[in-house]
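If you're matching positions, the sequence shown starts at 693 in our numbering and goes up one per residue.
Positions of the beta carbon are idealized from the N, C-alpha and C atoms, including for glycine.
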Amino acid sequence: MLYATNCRISSEESQVIRWVDSHGQKYPYPWTPHFPKASSISHMAHLCSQVLSTSFFTPKPQIPVLLSPGVACIKSFHQYRFLHIKAMQEDKFSTPTSCDESKVRVPHVLTVAGSDSGAGAGIQADIKACAARGVYCSTVITAVTAQNTAGVQGVNVVPEDFVAEQLRSVLSDMPPNVVKTGMLPSTGIVKTLCQSLKEFPVQALVVDPVMVSTSGHTLAGPSILDSFREELLPMADIVTPNLKEASALLGGVPLETIADMRSAAKAIHDIGPRNVLVKGGDLPASLDAVDVFYDGNDFYEFRSSRIMTPNTHGTGCTLASTVAAELAKGSQMLSAVKVAKRYVEAVLSYSKNIAIGGGCQGPMDHLLKLKSNVQRRPFDPCDLFLYAVTDSRMNKKWGRSIVDAVKAAIEGGASIIQLREKEVETGGFLEAAKACLKICRVHGVPLLINDRIDVALASDADGIHIGQSDMPAHVARALLGPDKIIGVSCKTPEHAQQAWIDGADYIGSGGVYPTNTKENNKTIGLDGLKTVCVSSKLPVVAIGGIGMSNAQAVMRLGVPNLKGVAVVSALFDRECVTTETRKLLEVLKESTKIAN
693 MLYATNCRIS
703 SEESQVIRWV
713 DSHGQKYPYP
723 WTPHFPKASS
733 ISHMAHLCSQ
743 VLSTSFFTPK
753 PQIPVLLSPG
763 VACIKSFHQY
773 RFLHIKAMQE
783 DKFSTPTSCD
793 ESKVRVPHVL
803 TVAGSDSGAG
813 AGIQADIKAC
823 AARGVYCSTV
833 ITAVTAQNTA
843 GVQGVNVVPE
853 DFVAEQLRSV
863 LSDMPPNVVK
873 TGMLPSTGIV
883 KTLCQSLKEF
893 PVQALVVDPV
903 MVSTSGHTLA
913 GPSILDSFRE
923 ELLPMADIVT
933 PNLKEASALL
943 GGVPLETIAD
953 MRSAAKAIHD
963 IGPRNVLVKG
973 GDLPASLDAV
983 DVFYDGNDFY
993 EFRSSRIMTP
1003 NTHGTGCTLA
1013 STVAAELAKG
1023 SQMLSAVKVA
1033 KRYVEAVLSY
1043 SKNIAIGGGC
1053 QGPMDHLLKL
1063 KSNVQRRPFD
1073 PCDLFLYAVT
1083 DSRMNKKWGR
1093 SIVDAVKAAI
1103 EGGASIIQLR
1113 EKEVETGGFL
1123 EAAKACLKIC
1133 RVHGVPLLIN
1143 DRIDVALASD
1153 ADGIHIGQSD
1163 MPAHVARALL
1173 GPDKIIGVSC
1183 KTPEHAQQAW
1193 IDGADYIGSG
1203 GVYPTNTKEN
1213 NKTIGLDGLK
1223 TVCVSSKLPV
1233 VAIGGIGMSN
1243 AQAVMRLGVP
1253 NLKGVAVVSA
1263 LFDRECVTTE
1273 TRKLLEVLKE
1283 STKIAN
């Protein structure tokens, strides 16, 4: 990255763009972009303005550094940082090849840190945090640790030359947007990293000065501190120490109040990093969890309620990695810190009661997925046999809650439940869905949500049913993941074919008969249902006007992939849902006996 005060574009007759400082020193790009020659002074001026207006350009204030002479050599690091390659590709004058146009460049973070065998912290936490934030994460391992929820049992430092080899492998072939550091266990590794970053500059450097693990074990000795102060921190765009690490960086100054944290943030900023975030999760004098952010001009305090949980291993790694991930996506520093803070809070809250290991420092669930897999079984087409679809108007008519209706249908033998509640506000619908899910899980009955993918995600329902005018099934699949159930309403063989292509699990075909639950719903009759079933590669459930009087006729069509009937009025527009469900279940069982 270069800065406005010392940047101009060379007019050389070459497609290799060169950046020139005010002394005439040229700094060529390490690649040759598809970029037009500057045809005039005005054209060059436009190119320069385009480059300097990109989100990757951020001037660095020159901060006086009053440490050793070595630091003075480092302060020019930011001055000659290369503009990220993406900025060039996005310039409107660029002419990428058709091959380039088909590629999607993804944000990329490189983490340089230690490996945690328990996977709660270190590179494992970094990878998971970046993945959760939609960012690619590569790794350079500096040490291999033997640790679990009880603590650290051993540390094996990776040789410096092999750390250098890892750095060159990644930086030379797949340049990251941001580098994030964690455990740097030797002065030689710190020096190796700094030298690599001078050779292969990146958009931003996030330094998590790991010295002590969450369980209290020392991971970096006092000799590392001088290297941090003199070499690494002056290169950093942000440093994220906790209270112990901030104290160590400042020679053991005690930090007991928020005022102390502010003073520490300013003192660390004077060493050279552009921004400082002092984490106060262990601050004894505060009832809240308070972090202090300082950008060289202003202080910001981030407050949140303390979450009482033993599962806090890797919180520091996770926060720093999330900051790096957000920077890689193009966020400004303050915004990145805000998002990271909120993300860690969400992960801590979600993970507070998960049980992994027998020690006192458990890991977190970065992807917010571990609890959702409990009690869920794979989709079975036989679940479609008696498919009960709720209706808010009918529940209101009979004075039933959604939960009462679902419970009654399950007690009567319903094999799958769909919540189709068009007249319930979102908050009430979500709470009802969560309550219904508990009942369904106890009985092993899948619960689907009609149309509302937001409610399906928030309640962790087993899946969703969508219509032809709703979100396409392939988009729903991308949002819900590979294991959730997706059903699609289909009236034609073409609809059925598209549902299969889009990754649906089943189709609902109808209306078979006229119904009063949907206005202007075109019926397809038994012949239309059979046509769809024959053409479908997916299991089918028939829907629309089906009840005690016609269920047998539907199930006797003789097509093997017709697995059941979906029913609304015949169950829920009745005084006793349980009784009507049991009666219909017997009819369906009898019809399958006759068909066989």
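Please return the same chain residues whose Cβ sits closer than 8 Å to the Cβ of Val-1224, not counting the five positions on each side in sequence. Cys-1182, Lys-1183, Thr-1184, Pro-1185, His-1187, Ala-1188, Ile-1199, Ser-1201, Ile-1216 and Val-1232
I need the boundaries of the alpha helix (DSSP H) containing Ala-1150, first residue and last residue. DSSP places Ala-1150 inside the alpha helix (DSSP H), whose first and last residues are 1145 to 1151.
To test your reading of the DSSP string, which unbroken alpha helix (DSSP H) runs of 4 or more residues are found completely within the region 925 to 957? 935 to 941
Quick one: using the 10 Å Cβ neighbour count with 16 as the cut-off for buried, is His-726 buried or exposed? The predicted model places His-726 with a pLDDT of 35, which falls under 50 and marks its position as unreliable; any figure quoted below should be read in that light. His-726 should be labelled exposed.
Could you work out which residue in Leu-889, Ser-1027 and Gly-812 is closest to Thr-1007 when comparing CA atoms only? Out of Leu-889, Ser-1027 and Gly-812, Gly-812 has the C-alpha closest to the C-alpha of Thr-1007.
When the Cα of Glu-1282 is compared with those of Leu-1254, Arg-1248, Gly-1173 and Val-894, which residue comes out closest? Arg-1248
Looking at C-beta atoms only, is the number of pairs between the region 850 to 858 and the region 881 to 889 that lie closer than 8 Å three or more? yes
By Cβ distance, which residues of its chain are closer than 8 Å to Leu-979, with the 5 residues on each side in sequence left out? Arg-998
So which of Thr-1118, Val-894, Asp-974 and Lys-1130 has the shortest CA-CA distance to Arg-1144? Thr-1118
Please classify Asp-974 as buried or exposed, where buried requires at least 16 other C-beta atoms within 10 Å of its C-beta. Asp-974 is exposed by the Cβ-count criterion.
Please classify Cys-1009 as buried or exposed, where buried requires at least 16 other C-beta atoms within 10 Å of its C-beta. Counting Cβ neighbours within 10 Å, Cys-1009 comes out buried, since at least 16 surround it.
Could you pull the DSSP bridge partners for Thr-1118 from this structure? None; Thr-1118 has no bridge partner.
Span of the alpha helix (DSSP H) around Ser-804: The question names Ser, but residue 804 is Val in the sequence shown. Unbroken run through Val-804 is the beta strand (DSSP E), 800 to 808; no alpha helix (DSSP H).
By the three-class DSSP mapping on this structure, what secondary structure does Val-1279 have? If DSSP states are grouped into helix, strand and coil, Val-1279 belongs with the helices.
Distance between Ser-1041 and Pro-946 (C-alpha atoms, nearest Å): 30 Å
Pull up the distance between the alpha-carbon of His-1166 and that of Asp-1194, whole angstroms please. 5 Å
Thr-1014 and Ala-821: beta carbons closer than 8 Å? yes
Any alpha helix (DSSP H) of 4 or more consecutive residues that is wholly inside the region 1011 to 1078: 1025 to 1043
Based on the DSSP secondary-structure assignment, which residues constitute the bridge partners of Asp-983? Within the DSSP bridge table, the entry for Asp-983 names Lys-971 and Phe-994 as partners.
Burial state of Asp-1152, where buried means 16 or more other Cβ atoms lie within 10 Å: In the assembly as shown, Asp-1152 is a buried residue. Its beta-carbon has 16 or more other beta-carbons within 10 Å.
Over what stretch of residues does the beta strand (DSSP E) that includes Ala-896 continue unbroken? 896 to 899
Measure the alpha-carbon distance for Asp-1096 versus Leu-1062 and round it to whole angstroms. 29 Å
Taking the beta strand (DSSP E) that Ser-861 falls in, what are its first and last residues? Here Ser-861 belongs to no beta strand (DSSP E); instead the alpha helix (DSSP H) covers 852 to 865.
To the nearest angstrom, how far is it from the Cα of Gly-880 to the Cα of Val-832? 15 Å
Inter-residue Cα distance where the pair is Asn-1213 and Thr-1082: Distance between the alpha carbons of Asn-1213 and Thr-1082: 18 Å.
Distance, His-1058 Cα to Val-1257 Cα: 40 Å
Determine the DSSP secondary structure at Val-1257, reduced to helix, strand or coil. strand
Less than 6 Å between C-beta atoms, sequence neighbours within five positions excluded: which residues of the same chain meet that for Glu-1103? Thr-1270
Simplified DSSP state of Cys-822, which is helix, strand or coil: helix
In whole angstroms, give me the CA-to-CA distance for Ala-824 and Glu-1018. 11 Å
If you follow the beta strand (DSSP E) that Lys-872 is in, where does it begin and where does it stop? 870 to 873
To which residues of the same chain is Val-871 closer than 6 Å at the C-beta, ignoring the five residues directly before and after it? Leu-802, Val-894 and Leu-897
With the cut-off set at 8 Å, would you say Val-1180 and Ala-1191 are in Cβ contact? yes
In the structure shown, what three-state DSSP assignment does Thr-1207 receive? coil
Looking at the structure shown, is Ala-1168 part of a helix, part of a strand, or coil, going by DSSP? helix
Can you list, in chain order, the residues of its chain with a C-beta nearer than 6 Å to that of Tyr-992? Leave out the 5 residues immediately preceding and following it. Phe-985
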